[in-house]
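Right, one structure below, let's go through it.
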């Protein structure tokens, strides 16, 4: 209790002191106070700050470089396009640069006072003739202190060949080093040896628990509404927390603040439509984007018998609105709703709903605040009567996760230091499973009680330019997790054989608000960057992260119906420590034509969940008695080379990695590879603009990866003519399925440009799996049809042939 009181006192101090300080600064004051304030300002220097936006649509630009010629220092815009730079009093030349946009130089007079300077950048005309595969500043990979970070802009996403011609965020990031998946048809993604639940996926700062449509074939992110995609694999800043592998931060467009705009696309599997326009006389804007698949509609004439009327579709709706109240205040409201329905008489449905409200406030030219409040809901169900043919006989299970959160995040710009601090409170409400069974009109409801938790955090961090060559980023986060009532807490047997089910020995009931179990963790963060030359640098990072929620899944690839649970008195939070180091270099004719990097990492994981043989995961009141806890480790090297400009560009990445776990009671207590361990992964992306074909451009991707581990029987015995497989040495993941490789191609034909016409359109032709590789998703065993004593190994492939597609995209 004392710990909670201290935590909330610190939270009060962090949130309200800047507000009080701001009021004091703006209120009338005595001469003595004013003189002190002037001295402080002069000693700290003068500050130029403001927003940088796209001149074409008014969107705030993320990561724009602002360089001060005279001092050799500078900064970048944050996620809202805001920047602040403090220098000694004087006149300065500011160089504002952003790849794909015309560079600007501004002279600013900071001899007497600080100033507010908003800027707009125009896209370069040459962007029509050659592709740029990154919207970061030209030397971002070398000069930025961030490491283990990848960004793909939407323009590049739309060039990458995709399944059925549809641009997809999740599939695209799997082409980056350190990112993988267990196979086609698998939901989520794996980063540096982490499971899919260890990735924090954010949509405008609201968490998305299932980022996949159609069992992983598409993601929930509509590319027409996406502005920026950033994946952080290591060196995670202190303002992020709650997951132990990565952060996928997806930011939505704010809407065209200059003119109305209509975008869309018609494909073989689904169609898209988005509309954006200015509001409030240019002080605001909005965007709304929708998608709906129609494979079920096209297939209906060909479905017969029990499949007649089958449902297999998804839809989603994304929207955002913003209003610039005045120079110091801007508000945003964004939301997403999407659902998948799959099945005939028996089927599934699942979906996400998020709502984010944000307030940007500029207290002064040095203090910036973003406060976010969000609601996130993920629900899923299984239904034996999806067509509602048997209203008196059915079985249905439902589960959901609901989060509510408030997060104030401050940025304080002090010369060579940029300090970030704030806090977050998340209320978790888990419904692990509720079932309804009807038989002959008699209805019975049963299931598991809801679980409740309160997760809180305070954090502070600093990015410091220590010397001209050395830059540091360090911080500390403290997270506090309370598992609370109402509910029951169980105590299980401890004197049982390892790897066997534990029975309940005591049950304690708690009332609403009672604290059942409390966990607290310090999470230090550190990163350093040292410039070797103008075009090369060394980077080092360390972070510790804590995760208090868990995905319970014992399948090869997680499904939408897997169970989520909080940490409890029996399930400890997951902890990860990761250290990484890397060498980064730019080279080529211009010095920045190519960029390359080599990173190595080592990650140690604690409290990793696994399961006893025969564990029951669905609607199991005593599930915690079937769980085992162990440790994990992941280590590897990532190689990355990218060409940024020219008629032929793209990137090649290679990842050498190993991921293992050790859990008492599994694999004879020895280390074993996880089901998502891939030793080798090679990916390449090629983008080509023929100089003599002004309307055509081409792209290709290639992927080669080791097969994932699987547990195969080592022996068998025969009993009365039946063959029974055995794993005599109790090994886990003792074999690997065959290696995976695939080539995809795409060609884009731009529509003809006509004078006075605003229409911009194109046709995208693509082929997925060009040489029809039968990649194995899994391998299973069955008796031979002609001789039951002969066992066959069957390779199951999701896509065993090439898949051509065509998509028409338009913009008005």
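Residue numbers (the working numbering): 42 to 853.
Idealized CB from N, CA, C, for every residue including glycine.
Would you mind stating whether residue i and residue j have Cβ atoms separated by less than 7 Å?
i, j, result
"residue 469", "residue 606", "no"
"residue 788", "residue 739", "yes"
"residue 850", "residue 803", "yes"
"residue 286", "residue 229", "no"
"residue 505", "residue 576", "no"
"residue 648", "residue 670", "yes"
"residue 744", "residue 783", "yes"
"residue 124", "residue 131", "no"
"residue 443", "residue 466", "no"
"residue 252", "residue 298", "no"
"residue 89", "residue 112", "no"
"residue 502", "residue 516", "yes"
"residue 250", "residue 421", "no"
"residue 231", "residue 852", "no"
"residue 564", "residue 585", "yes"
"residue 694", "residue 309", "no"
"residue 754", "residue 768", "yes"
"residue 497", "residue 513", "no"
"residue 108", "residue 159", "no"
In whole angstroms, what separates the C-alpha of residue i from that of residue j?
i, j, result
"residue 400", "residue 258", "35 Å"
"residue 493", "residue 525", "6 Å"
"residue 371", "residue 780", "51 Å"
"residue 416", "residue 360", "15 Å"
"residue 136", "residue 402", "26 Å"
"residue 333", "residue 261", "11 Å"
"residue 210", "residue 549", "45 Å"
"residue 837", "residue 821", "8 Å"
"residue 176", "residue 532", "Annotation note: pLDDT 41 at residue 176 (below 50); position unreliable, coordinate value reported separately. Whole-angstrom Cα-Cα distance: 54 Å."
"residue 139", "residue 105", "5 Å"
"residue 161", "residue 795", "27 Å"
"residue 405", "residue 518", "26 Å"
"residue 711", "residue 705", "8 Å"
"residue 500", "residue 611", "27 Å"
"residue 675", "residue 276", "16 Å"
"residue 479", "residue 433", "6 Å"
"residue 747", "residue 816", "11 Å"
"residue 148", "residue 133", "6 Å"
"residue 726", "residue 583", "30 Å"
"residue 785", "residue 315", "27 Å"
"residue 766", "residue 559", "45 Å"
"residue 654", "residue 613", "21 Å"
Between residue i and the rest of its own chain, which residues show a CB-CB distance below 7 Å, the 5 nearest in sequence each way excluded?
i, result
"residue 483", "none"
"residue 449", "56, 410, 412, 463 and 464"
"residue 471", "442, 491, 492, 605, 606 and 607"
"residue 94", "100, 101, 102, 122 and 161"
"residue 165", "141, 142 and 143"
"residue 896", "The requested residue 896 is not part of the displayed model; the chain covers only 42 to 853."
"residue 324", "364 and 365"
"residue 790", "736, 737, 803 and 804"
"residue 534", "543, 544 and 546"
Cβ-heavy atom distance between residue i and the ligand NAD below 6 Å?
i, result
"residue 366", "Looking for the ligand NAD in the displayed structure turns up nothing, as the structure carries no ligands at all."
Once the 5 residues before and after residue i are set aside, which same chain residues still bring their CB inside 8 Å of it?
i, result
"residue 677", "219, 233, 234, 641, 642, 696, 697, 698 and 699"
"residue 356", "331, 332, 333, 334, 379 and 380"
"residue 183", "572, 576, 577, 578, 625, 626, 627 and 636"
"residue 823", "832, 833 and 835"
* Asked: At a cut of 8 Å, does the segment 522-538 reach the segment 569-579 through at least three beta carbon pairs?
  -> no
* Report yes or no: do the segment 189-203 and the segment 212-225 share at least 3 C-beta pairs separated by less than 8 Å? => yes
* **Runs of beta strand (DSSP E) lying entirely within the segment 257-336, each at least 3 residues, in chain order** => 267-273, 287-293, 302-307, 311-320 and 325-334
* **Whole alpha helix (DSSP H) elements within the segment 728-788, 4-residue minimum** => none
* How do the segment 240-253 and the segment 265-285 stand: do at least 3 beta-carbon pairs fall below 8 Å, yes or no? -> yes
* Which ranges does the beta strand (DSSP E) cover as unbroken runs of at least 3 residues, wholly within the segment 563-597, from first to last along the chain? -> 577-588 and 590-593
* Asked: Curious, which full-length beta strand (DSSP E) runs of at least 3 residues does the segment 657-684 contain?
  -> 668-684
* To do: Pick out the complete alpha helix (DSSP H) segments inside the segment 466-553, 4 residues or longer, and give them in chain order.
  => none
* To do: Return the chain-ordered ranges of every beta strand (DSSP E) run that is complete within the segment 191-252 and spans a minimum of 3 residues.
  => 240-244
* Taking 8 Å as the threshold, find out whether the segment 197-209 comes into contact with the segment 538-558 through three or more Cβ pairs. => no
* Along the chain, which unbroken stretches of the beta strand (DSSP E) at least 3 residues long are found entirely within the segment 351-436? -> 352-367, 370-384, 388-403 and 408-424
* To do: Ignoring anything shorter than 3 residues or poking outside the segment 681-720, list the beta strand (DSSP E) runs there in chain order.
  => 689-703
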